[in-house]
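In this note's numbering, the protein residues as written are 444 to 785. All C-beta atoms in this analysis are idealised placements derived from N, C-alpha and C, irrespective of residue type, glycine included. First comes the structure, then the notes that go with it.
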Amino acid sequence: MTDLTDTPDAADTGPDDDTWDALHARAYAAFDQGELHTASALFGELAQHAPEVPFLHYMRGLAHKYLRDWPASLQHNLRAQSLSAEPDQGTAWNAGIAATALGDWAQARSQWAQCGITLPDGDGPIEHDFGIISVRLNPWAEGETVFARRIDVVRARLLNVPLPESGHRLFDIVLHDGAKTGVRALDDGTVPVFNALQILQRSDHRTYVAFIRCPSADDLDQLQQAELPGIGYVEDWTASIVSLCLRCSYGVAHAQDDGDSDGAHDQGAASNDDWQVERNLGIGAQGKAAVERLLTNWVAAGPGRRVDAIECPACEERAPQDGTVWWRGPGDDDAQGDDEEA
């Protein structure tokens with residue numbers, strides 16, 4: 444955490460123009476290189492000499508947003524607002540995100556009002572249907588994208604079963620950034636992609652990985668339509684994720700096509716005419732017993748069905764590393780290699 448006090452020295456006459464320009468350049472260079480602690484300190488030094496300049500406080504607030512240091516981010520953004528002659532939506536968005544992370548609902552509602560966003564009446568948490576979006580989990584790492592339902596301006600509930608290594612679970616409520624970083628196809632249109640910043644409310648549905656033999660798409664449909672207490676969602680990762688073969692990564696034996704020896708297999712196809720019998724499932728469930736019961740019932744109800752393995756890998760949220768510039772959209776940097784949920 445950073446010292447939040449910006450108290451200028453009355454005796455300080457300030458740096459000359461060359462020194463100021465050099466300090467200014469160093470602050471932005473540190474920010475652009477993802478050295479956020481250094482950037483905050485340098486913008487703070489500039490603010491000591493020019494405490495009335497809003498953008499210096501804004502940049503400190505931005506640096507602390509990407510550090511996920513919400514008290515500091517909120518304080519610096521509010522300071523920038525108090526110095527600005529006119530409302531600034533960028534500052535209001537960042538202050539709203541920080542206030543939401545802190546559960547300061549009065550402040551968050553005030554900031555969203557400044558952005559012209561209409562909200563349901565109330566003074567507590569915002570609970571509303573803002574539609575379907577896509578969120579990029581761990582944008583500082585693999586960047587898996589999943590669909591989510593927006594329940595707030597910057598909170599969303601995950602609707603896919605994320606890969607366990609993402610550290611996220613089905614139905615997690617995540618805080619997401621306000622800047623769109625791409626689009627994803629959904630039905631006949633597209634939805635915006637936002638970077639997830641952190642998990643705000645952990646789901647009680649753990650992630651189970653099931654490797655099965657499924658004779659047809661109809662058999663899979665029966666499994667996905669089955670309802671059982673403790674089961675949240677059964678996702679066919681074979682069809683929805685393009686990535687290295689999960690069976691290889693988990694060491695589960697399977698029939699491998701000739702010449703395909705690097706663990707990268709065709710993960711698509713979802714029709715009875717062109718069907719991959721070996722399927723990899725992600726199951727969001729409240730306990731392994733429910734998963735075993737679901738799959739046992741499914742195997743017993745049709746010929747040729749088999750369960751090869753059920754795993755429950757560790758699922759730990761990860762933090763960004765200093766020096767990683769992860770907040771830029773695809774148009775701002777080289778294309779990102781996301782694992783995508785269809």
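Thinking just about the alpha-carbon of each residue, which of L606, L643, S527 and T481 is nearest to the one in D501?
-> Counting from one through the sequence shown, the residue named residue 501 turns up at place 58. Note that residue 501 is Tyr in the sequence shown, not Asp. Cα-wise, what sits closest to Y501 is S527.
Going by the beta-carbon positions, is the gap between G766 and G487 smaller than 8 Å?
-> Numbered from 1 along the sequence shown, position 323 holds the residue referred to as residue 766. Numbered from 1 along the sequence shown, position 44 holds the residue referred to as residue 487. Going by C-beta atoms, G766 is not nearer than 8 Å to G487.
Evaluate A728 with the Cβ neighbour count: other Cβ atoms within 10 Å of its Cβ, from every protein chain shown; 16 or more gives buried, anything less gives exposed.
-> Position 285 of the sequence shown, counted from the first residue, corresponds to residue 728. A728 should be labelled buried.
Local conformation of F573 per DSSP, three classes = Stepping through the sequence shown from its first residue, residue 573 is reached at position 130. Here F573 sits in coil by DSSP.
Along the chain, which unbroken stretches of the beta strand (DSSP E) at least 3 residues long are found entirely within the stretch 627-681?
-> 632-644, 649-656 and 674-679
Does the Cβ of G565 have 16 or more other Cβ atoms within 10 Å, making it buried, or fewer, making it exposed?
-> For the purposes of this step, residue 565 is taken as the residue at position 122 of the sequence shown. It counts as exposed.
Quick one, which of C558, V604 and A482 has its alpha-carbon nearest V597's?
-> Working through the sequence shown from its first residue, we reach residue 597 at position 154. Closest option to V597, Cα to Cα, is C558.
Can you say whether P563 is buried or exposed, counting buried as having 16 or more other CB atoms within 10 angstroms of its CB?
-> Position 120 of the sequence shown holds residue 563. Burial call: exposed.
When DSSP labels each residue in this structure, what does A472 get in the three-state scheme?
-> Looking up residue 472 in the sequence shown gives position 29. Of the three classes helix, strand and coil, the one that applies to A472 here is helix, per DSSP.
Just grab the DSSP bridge partners of F590 for me.
-> The count along the sequence shown starts at 1 and reaches residue 590 at position 147. F590 pairs with S577.
With V750 as the anchor, note down where its beta strand (DSSP E) starts and where it stops.
-> If you number the sequence shown from 1, residue 750 lands on position 307. Here the beta strand (DSSP E) through V750 covers R749 to E754.
Could you tell me the distance, in whole angstroms, from the CA atom of L738 to the CA atom of F637?
-> Position 295 of the sequence shown, counted from the first residue, corresponds to residue 738. Position 194 of the sequence shown, counted from the first residue, corresponds to residue 637. Taking the straight line joining both Cα atoms gives about 34 Å.
Where does the unbroken alpha helix (DSSP H) through I540 begin, and where does it stop?
-> To locate residue 540, count along the sequence shown from 1; it is residue 97. Run containing I540: Q532 to L545, per the alpha helix (DSSP H) assignment.
Could you name the residues that DSSP lists as bridge partners for F616?
-> The residue labelled residue 616 in the question sits at position 173 within the sequence shown. In the sequence under discussion, the amino acid at residue 616 is Ile, which differs from the Phe named in the question. R600 and Q644, per the DSSP bridge assignment.
Which first and last residues belong to the alpha helix (DSSP H) in which E735 is found?
-> Counting from 1 along the sequence shown, the entry for residue 735 is found at position 292. From DSSP, the alpha helix (DSSP H) with E735 extends over K731 to A743.
Measure from the alpha carbon of A506 to the alpha carbon of each residue in G632, K623, A470 and H648, then state which is nearest.
-> On the sequence shown, position 63 is the one that residue 506 refers to. The shortest C-alpha separation from A506 is found at A470.
Hey, could you find the ends of the beta strand (DSSP E) S721 is sitting in?
-> Taking the first residue of the sequence shown as position 1, residue 721 is located at position 278. For the record, residue 721 in the displayed sequence is Glu; it is not Ser. Here the beta strand (DSSP E) through E721 covers E721 to A728.
Below 8 Å on the Cβ atoms is my guess for H646 versus R612; work out the distance and round it to an integer in Å.
-> The residue you call residue 646 lines up with position 203 of the sequence shown. The residue you call residue 612 lines up with position 169 of the sequence shown. The displayed chain sequence assigns Ser, not His, to residue 646. About 4 Å; that satisfies the 8 Å criterion.
Of all the options S609, V626, Y651 and N740, which has the alpha carbon lying nearest to the alpha carbon of E760?
-> For this step, residue 760 is matched to residue 317 along the sequence shown. That would be S609, whose Cα lies nearest to the Cα of E760.
In whole angstroms, what is the alpha-carbon distance linking R627 and S577?
-> Looking up residue 627 in the sequence shown gives position 184. Looking up residue 577 in the sequence shown gives position 134. Going by the C-alpha atoms only, they are around 7 Å apart.
Measuring CB to CB, does D460 end up less than 8 Å from V768?
-> Residue 460 sits at position 17 when you count from the first residue of the sequence shown. Residue 768 sits at position 325 when you count from the first residue of the sequence shown. Cβ atoms of D460 and V768: not closer than 8 Å.
Of all the options N581, D717 and T624, which has the alpha carbon lying nearest to the alpha carbon of L606?
-> For the purposes of this step, residue 606 is identified with residue 163 of the sequence shown, where counting begins at 1. Closest by alpha carbon: N581.
Would you please state the rounded distance, in angstroms, between the beta carbons of L499 and L517? I believe it to be under 8 Å.
-> To locate residue 499, count along the sequence shown from 1; it is residue 56. To locate residue 517, count along the sequence shown from 1; it is residue 74. Contact flag wrong, Cβ pair sits at about 16 Å.
Can you tell me which of the three DSSP states D717 falls into?
-> Position 274 of the sequence shown, counted from the first residue, corresponds to residue 717. In the structure shown, D717 sits in a strand (DSSP, three-state: E or B).
Option nearest S683 by Cα separation, candidates Q668, R722 and P672 = As a position in the sequence shown, residue 683 is number 240, starting the count at 1. Ranking the options by Cα distance to S683, first place goes to R722.
Cβ atoms of T633 and V604: under 8 Å apart, would you say?
-> For the purposes of this step, residue 604 is taken as residue 161 along the sequence shown, with counting starting at 1. For the purposes of this step, residue 633 is taken as residue 190 along the sequence shown, with counting starting at 1. No. Outside cutoff.
Rounded to a whole number of angstroms, what is the C-alpha to C-alpha distance between W463 and A523?
-> Translated into positions along the sequence shown, residue 463 becomes position 20. Translated into positions along the sequence shown, residue 523 becomes position 80. Roughly 20 Å separates the two Cα atoms.
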